[in-house]
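Take a look at the structure below.
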Amino acid sequence: MTGVLPNSAGRELSNPPSDGISNLRFSNHSDNLLVSSWDRTVRLYDASANVLRGEFFHGGPVLDCCFHDDSSGFSACVDNTVRRYVFSSGKEDILGRHDAPVCCVEYSYAAGQVITGSWDKTLKCWDPRGASGQERALVGAYPQPERVYSISLVGHRLVVATAGRHVNVYDLRNMSQPEQKRESSLKHQTRCVRCYPNGTGFALSSVEGRVAMEFFDLSEAGQAKKYAFKCHRKSEAGRDTVYPVNAIAFHPVYGTFATGGCDGYVNVWDGNNKKRLYQYTKYPTSIAALSFSRDGRLLAVASSYTFEEGDRPHEPDAIFVRSINEVEVKPKPRVCPAP
Amino acid sequence: MSNLQTDQLLQMETTCGSLLYELQIIWNEVGESDAERDKMLLELEQECLEVYRRKVDQANRCRAQLRQAIADSEAELATICSAMGERPVHIRQCDQSAVSLKEELKAIIPQLEEMQKRKCDRKNQFLEVLEHIQKISNEIGRSTDNPSKVVVDETDLSLRKLEELHQQLHALQKEKSDRLKQVLDHLNTLNSLCLVLGMDFKQTINEVHPSLDDSEGTKNISNDTIERLASAIQRLRKVKIERMQKLQDLATTMLELWNLMDTPIEEQQIFQNVTCNIAASEHEITEQNTLSVEFINYVEEEVSRLEDLKASKMKELVLKKRSELEEICRRTHLVAEADGAMEYAIEAIESGAVDPASILEQIELQIARVKEEAFSRKEILEKVEKWLTACEEESWLEEYNRDDNRYNAGRGAHLTLKRAEKARAIVNKLPAMVDALVSKVTAWERERGIEFAYDGVRLLSMLEEYNILRQEKEQERKRQRDQKKLQGQLIAEQEALFGSKPSPMKLQSGKKGPRMSTGGASSRRLSLGGAMLQTPKPDLSHSTKATPRLRPNKKSDLLSHNQDDSFAALSAGRRGLDVAGLPVKKHSFNASEIESPMKRKPFSPVSSAMLSKVNNTTNFLEDLNKVHGGTLQKTLPSNNTPLTTPSKLSTVTDDDENRTPKGMPIHMPSTPSTISVHMQTATTPAPATRPTTTATVLFGAKTIEEEYEEEVEYSFEERRAGFVLPKTLIKTIVQA
Numbered sequence: 001m002t003g004v005l006p007n008s009a010g011r012e013l014s015n016p017p018s019d020g021i022s023n024l025r026f027s028n029h030s031d032n033l034l035v036s037s038w039d040r041t042v043r044l045y046d047a048s049a050n051v052l053r054g055e056f057f058h059g060g061p062v063l064d065c066c067f068h069d070d071s072s073g074f075s076a077c078v079d080n081t082v083r084r085y086v087f088s089s090g091k092e093d094i095l096g097r098h099d100a101p102v103c104c105v106e107y108s109y110a111a112g113q114v115i116t117g118s119w120d121k122t123l124k125c126w127d128p129r130g131a132s133g134q135e136r137a138l139v140g141a142y143p144q145p146e147r148v149y150s151i152s153l154v155g156h157r158l159v160v161a162t163a164g165r166h167v168n169v170y171d172l173r174n175m176s177q178p179e180q181k182r183e184s185s186l187k188h189q190t191r192c193v194r195c196y197p198n199g200t201g202f203a204l205s206s207v208e209g210r211v212a213m214e215f216f217d218l219s220e221a222g223q224a225k226k227y228a229f230k231c232h233r234k235s236e237a238g239r240d241t242v243y244p245v246n247a248i249a250f251h252p253v254y255g256t257f258a259t260g261g262c263d264g265y266v267n268v269w270d271g272n273n274k275k276r277l278y279q280y281t282k283y284p285t286s287i288a289a290l291s292f293s294r295d296g297r298l299l300a301v302a303s304s305y306t307f308e309e310g311d312r313p314h315e316p317d318a319i320f321v322r323s324i325n326e327v328e329v330k331p332k333p334r335v336c337p338a339p
Numbered sequence: 001m002s003n004l005q006t007d008q009l010l011q012m013e014t015t016c017g018s019l020l021y022e023l024q025i026i027w028n029e030v031g032e033s034d035a036e037r038d039k040m041l042l043e044l045e046q047e048c049l050e051v052y053r054r055k056v057d058q059a060n061r062c063r064a065q066l067r068q069a070i071a072d073s074e075a076e077l078a079t080i081c082s083a084m085g086e087r088p089v090h091i092r093q094c095d096q097s098a099v100s101l102k103e104e105l106k107a108i109i110p111q112l113e114e115m116q117k118r119k120c121d122r123k124n125q126f127l128e129v130l131e132h133i134q135k136i137s138n139e140i141g142r143s144t145d146n147p148s149k150v151v152v153d154e155t156d157l158s159l160r161k162l163e164e165l166h167q168q169l170h171a172l173q174k175e176k177s178d179r180l181k182q183v184l185d186h187l188n189t190l191n192s193l194c195l196v197l198g199m200d201f202k203q204t205i206n207e208v209h210p211s212l213d214d215s216e217g218t219k220n221i222s223n224d225t226i227e228r229l230a231s232a233i234q235r236l237r238k239v240k241i242e243r244m245q246k247l248q249d250l251a252t253t254m255l256e257l258w259n260l261m262d263t264p265i266e267e268q269q270i271f272q273n274v275t276c277n278i279a280a281s282e283h284e285i286t287e288q289n290t291l292s293v294e295f296i297n298y299v300e301e302e303v304s305r306l307e308d309l310k311a312s313k314m315k316e317l318v319l320k321k322r323s324e325l326e327e328i329c330r331r332t333h334l335v336a337e338a339d340g341a342m343e344y345a346i347e348a349i350e351s352g353a354v355d356p357a358s359i360l361e362q363i364e365l366q367i368a369r370v371k372e373e374a375f376s377r378k379e380i381l382e383k384v385e386k387w388l389t390a391c392e393e394e395s396w397l398e399e400y401n402r403d404d405n406r407y408n409a410g411r412g413a414h415l416t417l418k419r420a421e422k423a424r425a426i427v428n429k430l431p432a433m434v435d436a437l438v439s440k441v442t443a444w445e446r447e448r449g450i451e452f453a454y455d456g457v458r459l460l461s462m463l464e465e466y467n468i469l470r471q472e473k474e475q476e477r478k479r480q481r482d483q484k485k486l487q488g489q490l491i492a493e494q495e496a497l498f499g500s501k502p503s504p505m506k507l508q509s510g511k512k513g514p515r516m517s518t519g520g521a522s523s524r525r526l527s528l529g530g531a532m533l534q535t536p537k538p539d540l541s542h543s544t545k546a547t548p549r550l551r552p553n554k555k556s557d558l559l560s561h562n563q564d565d566s567f568a569a570l571s572a573g574r575r576g577l578d579v580a581g582l583p584v585k586k587h588s589f590n591a592s593e594i595e596s597p598m599k600r601k602p603f604s605p606v607s608s609a610m611l612s613k614v615n616n617t618t619n620f621l622e623d624l625n626k627v628h629g630g631t632l633q634k635t636l637p638s639n640n641t642p643l644t645t646p647s648k649l650s651t652v653t654d655d656d657e658n659r660t661p662k663g664m665p666i667h668m669p670s671t672p673s674t675i676s677v678h679m680q681t682a683t684t685p686a687p688a689t690r691p692t693t694t695a696t697v698l699f700g701a702k703t704i705e706e707e708y709e710e711e712v713e714y715s716f717e718e719r720r721a722g723f724v725l726p727k728t729l730i731k732t733i734v735q736a
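For the record, the sequence lines run as chains G and A.
Position one of the first sequence corresponds to residue 1 (full-length UniProt numbering), numbered consecutively onward.
Position one of the second sequence corresponds to residue 1 (full-length UniProt numbering), numbered consecutively onward.
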């Protein structure tokens, strides 16, 4: 498969994870790429050099990972632990534990805290400096209405999407209770939530081929801007197939965003003008995760079966890094300005 | 003896006489003349004389030679004796002692030979000593004359001279051993220096002189070598001092950093050997490799690591302080400085342009200042807080007063009543409160000479606005009262004419809808009322909240008060249709979703009845859009089904953009394209995409879905990880 689409899909990284890819992220400082996988590892790649820089083994499948700085990172593991890794030395410490598998982890530069969400229906904040002392690192635990499925950060805002279509918006400076409690505008299970880079709202995707664009501003004018749209669907011979939207990634420069679905497509959208800017050629299997590099010149695409149809044979898991052409992500001026 | 000689002479004389007789006979016989005879005899005599004279000369010469030999020997003997510094052994006996010359010579020769032998021995001794001297001199590097040849002064071979030479030799030997010692000392010093500095000793001394490295052979001890050794030591010592100072500087920095950051002892222990030398003088540092380049680099690295750590900690501290400051500002409703200042400060720290400590100090100062200000504002702020809560209560009360069903006994009605009672009391106190606040704030402002800002807005202006608003409201109320009175009169007149009295309720019925969706926020109402937005908060703006900042909203609300939301939404819809004539079709998506008639769990099946209904509505909508133009307005009222309020419908566009008459947007090409495509912004996910026919949604294995659909939803990851909620939890969820 890899031989078939090397150019159109981007450069495939060598030494990919041997099982499903749960997430991948570019560093904020370099073109390093951190990848977590069901094969119980977190891998560090140099995406521009296509080199596997490090591999860190876990006690269970890893559901999420993120960078701390360029030399260390965090991981969220099914064995309930939150770990911190120093890449150069391979040093590992357990930051703490949840009561159930941890499914998402974020590091807030603003607060200097690690935020994890778990299926134990809690959100926990950790101080990564709490060196190796088991519970010393814990800053606070905040009960959620349901199991946490996806979280996203922008500035001091934290958006938490849980099962049961709950969405809580927190201010990191005051975590005692949510700033806003919402229900997802979409009717189906939330797959992914990502904040706009400009901090005015968030995009939320569901298992039913749909993405909602929401705004934090609660005023009528603010809420009037919100909308939802359909994507990642296929209509064949009268049969409509709707695919889950697994991944959303915002372009750091233009604020446009890419979505990835179980249909294997990656679409780029302009949320302000409500237009699709680009669709890349189909990837071998579901898009499990997406990440733009810090300058937005590269897009990492995890083509990895996300288990949406249970255990079945599937294409091998692969990571593609594609160079982004400006025309693919730059918002286009309106064809015809509004009268 | 003499007898013998005389005998011989006699014999000879006889032979001569006989010979002469014989000659006389011969002559007689021959008859020789006498003259001839005489002549012959004379000849004979002359010849004999000649022979004698020759012999005497010979003997004389021999004697002279002998004398010469004796004299020579004596002279030589004398020379040797004088050279050896001895008194001449041979004192010449008087010649008169009648010792023959030959005897004399015989006596002197052995003496001479003896002396010559002694001289030779002595010379050898001299040679030996001189050779030693020469050698040592060479080693020391002092030999100035030809080093290869040893010359002995033959004229002075005295013992004294020999003694002198021996002394010289001793002196030289001593010097040599001294030098050797010095060299060894130097080498020792050098070795210890090299150890400390982590340098290769052998190489160092090889550079000075190759012989020094040789442990077996002799070491070069010349002045030059010693000098070079000394200079090497000097040089290394200088290096050592330099490095030591560097190391001590590093150690000092390290100690400071440790102190600053409370570095754990274990971490400090590793560098104990560095810090223990912090006050050591140069000669006290003897431990191996303490000053090697690698070690210093190692320490340097540690220091830079600590410094980095410090920098990051400082940064964190700055951030923390900053957020503390922001927190205080937020709490006291002060407006913090521009957000950019923070990023700027961090950047400055990172680039090293600014000392983090100074920024920290600055922030501390700021915090102190803000705290001080907060303290001065505290009293007023408390009052403002009270005022704001009062305002909230007021707005609630207004809302409540508009509710015509407020006296209907329901669950919790007594509580609401109580609240209303309290609220009324508070509202009555409001004007006084505002006045007090105004005077307090004015006093404060006068005292300080600055405006009292609340979240960036001048409090006084807020209060003024509030007062104006209040007056407006008052007038409005008065106007309404008048109107009511007028109406009452009218009704009375009508009653007089027709005899029936319309219920006042009907007039108000239009307001019911919005109140349902906005007011109570009770979930029961929401699910029944089919509010389009599940979050009640956004709609709060509908309520006439009396806080001054919401005033613009409130005003518009007042204007369109008797119209329900559909108006605004409708206008939005119309706006959308205006644009529809253009290739880029735009819709306003005011409220995004149509609420399905019943509250439905995400994975629960959609009842066919409901589906058909929803299908109808969507179809209807599609038609609607096809009709395109001003008809929307017309059809809307007819769509007034109990299931969906018009407001929602009006905001919904059709579910597929392709059906717009223009047909301009391109439908999802499967090949990549840069042509932008419209988003399919239909807003009713479930009904629209799940027609009763064939759509399948990839939620996962169907069986699993069925299995869980009545119970708990699970994400793909949870299913894959085999994660199951504990039973009790499931129960609670199902019950909920």
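We treat Cβ as the ideally placed atom computed from N, Cα and C, and that holds for glycine.
All values derive from a computational prediction rather than experimental measurement.
Work out the CA separation of G:A247 and residue 737 of chain A for me, nearest whole Å. Any question about residue 737 of chain A goes unanswered here, given that chain A covers just 1 to 736.
What residues of chain A sit near G:Y149, judged by a beta carbon separation below 8 Å? By one-based count along the first sequence, residue 149 of chain G stands at place 149. The contacting residues are S715.
List the residues of chain A whose Cβ lies closer than 9 Å to the Cβ of G:T306, in chain order. The residue given as residue 306 of chain G occupies position 306 in the first sequence. Here the neighbours are F716, E717 and R720.
When you compare each of G:V62, G:D46, G:V167 and G:A237 to G:L33 by their alpha carbons, which one comes out closest? On the first sequence, residue 33 of chain G is found 33 positions in, with the first residue counted as 1. Nearest option by C-alpha distance: G:D46.
Taking 8 Å as the threshold (beta carbon to beta carbon), is A:S395 in contact with chain G? Taking the first residue of the second sequence as position 1, residue 395 of chain A is located at position 395. Chain G contact via Cβ: absent.
State the Cα-Cα distance for the pair G:R159 and G:F229, rounded to the nearest angstrom. Locating residue 159 of chain G in the first sequence gives position 159, where the first residue counts as 1. Locating residue 229 of chain G in the first sequence gives position 229, where the first residue counts as 1. For clarity, residue 159 of chain G is Val in the given sequence; the question names Arg instead. Cα to Cα, the separation comes out at about 20 Å.
Might you give, ordered along the chain, the residues of its own chain that have their beta carbon closer than 6 Å to the beta carbon of A:A423, omitting 5 neighbours on each side? Here residue 423 of chain A refers to the residue found at position 423 of the second sequence. Around A:A423: E393 and L397.
Residue-chain proximity (A:M679, chain G), Cβ-Cβ < 8 Å: Within the second sequence, the letter at position 679 stands for residue 679 of chain A. Output row for A:M679: interface = yes.
Near A:F452, what residues of its chain come up, given a Cβ to Cβ distance below 8 Å and the 5 sequence neighbours on each side ignored? What you label residue 452 of chain A is simply residue 452 of the second sequence in a count that begins at 1. Excluding positions up to five away in sequence, the list reads R377, I380, V441, W444, E445, R458, L459 and L460.
Give the residues of chain A in contact with G:W126, contact being defined as C-beta atoms less than 8 Å apart. Taking the first sequence and counting its residues from 1, the one referred to as residue 126 of chain G is at position 126. Under the 8 Å cutoff, chain A gives no residues; its nearest Cβ is about 14 Å from G:W126.
Going along the chain, which residues of its own chain have a beta-carbon closer than 8 Å to the beta-carbon of A:C427, five neighbours each way excluded? Against the second sequence, residue 427 of chain A aligns to sequence position 427. Note on residue identity: the sequence assigns Val, not Cys, to residue 427 of chain A. Taken in chain order, the residues that qualify are A390, E393, E394 and L397.
So with CB distances below 7 Å, who are the chain A contacts of G:V78? Residue numbering aside, residue 78 of chain G sits at position 78 when the first sequence is read from its first letter. Chain A residues near G:V78: A721.
Does the beta carbon of G:F229 come closer than 8 Å to any beta carbon on chain A? Residue numbering aside, residue 229 of chain G sits at position 229 when the first sequence is read from its first letter. Judged by the 8 Å Cβ criterion, G:F229 is in contact with chain A.
Anything in chain G within Cβ reach of residue 738 of chain A, meaning under 7 Å, just list it in chain order. Missing from the structure shown is residue 738 of chain A; chain A here goes from 1 to 736 and no further.
Counting only beta-carbon atoms, is G:R276 nearer than 8 Å to chain A? Start at 1 with the first residue of the first sequence, and residue 276 of chain G comes out as number 276. G:R276 counts as touching chain A.
Hey, how far is the Cα of A:E326 from the Cα of G:D171? For this step, residue 326 of chain A is matched to residue 326 along the second sequence. For this step, residue 171 of chain G is matched to residue 171 along the first sequence. Going by the C-alpha atoms only, they are around 13 Å apart.
Local conformation of G:L153 per DSSP, three classes: On the first sequence, residue 153 of chain G is found 153 positions in, with the first residue counted as 1. G:L153 falls in the strand class under three-state DSSP.
Please list, in chain order, all residues of the same chain as G:P178 whose beta carbon is under 7 Å from its beta carbon, the five residues on each side excluded. Position 178 of the first sequence, counted from the start, is the residue given in the question as residue 178 of chain G. Hits under 7 Å: N168, V169 and Y170.
Kindly indicate if chain G contains any beta-carbon less than 8 Å away from that of A:L319. Numbered from 1 along the second sequence, position 319 holds the residue referred to as residue 319 of chain A. Yes - at least one Cβ of chain G is within 8 Å of the one on A:L319.
Beta strand (DSSP E) runs contained entirely in the region 241-326 of chain A, provided each spans 3 or more residues: none
Spatial distance of A:K106 from A:C62 (CA atoms): Taking the second sequence and counting its residues from 1, one reaches residue 106 of chain A at position 106. Taking the second sequence and counting its residues from 1, one reaches residue 62 of chain A at position 62. Using only the alpha carbons, I get a separation of about 15 Å.
Proximal residues, the region 247-274 of chain G versus chain A, C-beta separation under 8 Å: C262, W269, D270, N273 and K274
Entirely enclosed beta strand (DSSP E) segments - the UniProt repeat "WD" (245-279) of chain G, minimum 3 residues: 245-250, 257-261, 266-270 and 275-279
Three-state secondary structure (DSSP) of A:D482: In the second sequence, the residue the question calls residue 482 of chain A occupies position 482. It is helical.
Touch test, the region 83-92 of chain G against the region 296-305 of chain A, Cβ-Cβ under 8 Å, three pairs minimum: no
Please classify G:L277: is it buried, with 16 or more other beta-carbons within 10 angstroms of its beta-carbon, or exposed? The residue you call residue 277 of chain G lines up with position 277 of the first sequence. So G:L277 counts as buried.
Close Cβ partners of A:K512 (< 8 Å) along its chain, the five nearest in sequence each way excluded: In the second sequence, the residue the question calls residue 512 of chain A occupies position 512. Confidence in A:K512 is poor, its pLDDT being 40 and thus under 50, which makes the residue's placement unreliable; the coordinate value appears in the next sentence. Nothing meets the Cβ criterion.
Can you tell me whether A:L624 is helix, strand or coil according to DSSP? For this step, residue 624 of chain A is matched to residue 624 along the second sequence. Confidence at A:L624 is low in this model, with a pLDDT of 41, below 50, so the placement of that residue should be treated as unreliable; the coordinate-derived value is given next. Looking at A:L624 - three-state DSSP - the assignment turns out to be helix.
Contact the region 68-78 of chain G vs the region 315-330 of chain G: 3+ CB pairs below 8 Å: no
7 Å Cβ cut-off: residues of chain G touching A:S316: In the second sequence, the residue the question calls residue 316 of chain A occupies position 316. The sequence shown places Glu at residue 316 of chain A, not Ser. Within 7 Å Cβ-Cβ: G112.
Using a C-beta cutoff of 8 Å, does G:P61 count as contacting chain A? On the first sequence, residue 61 of chain G is found 61 positions in, with the first residue counted as 1. Judged by the 8 Å Cβ criterion, G:P61 is in contact with chain A.
I'd like to know whether the C-beta of A:A390 is nearer than 8 Å to at least one C-beta of chain G. For the purposes of this step, residue 390 of chain A is taken as the residue at position 390 of the second sequence. Closer than 8 Å: no.
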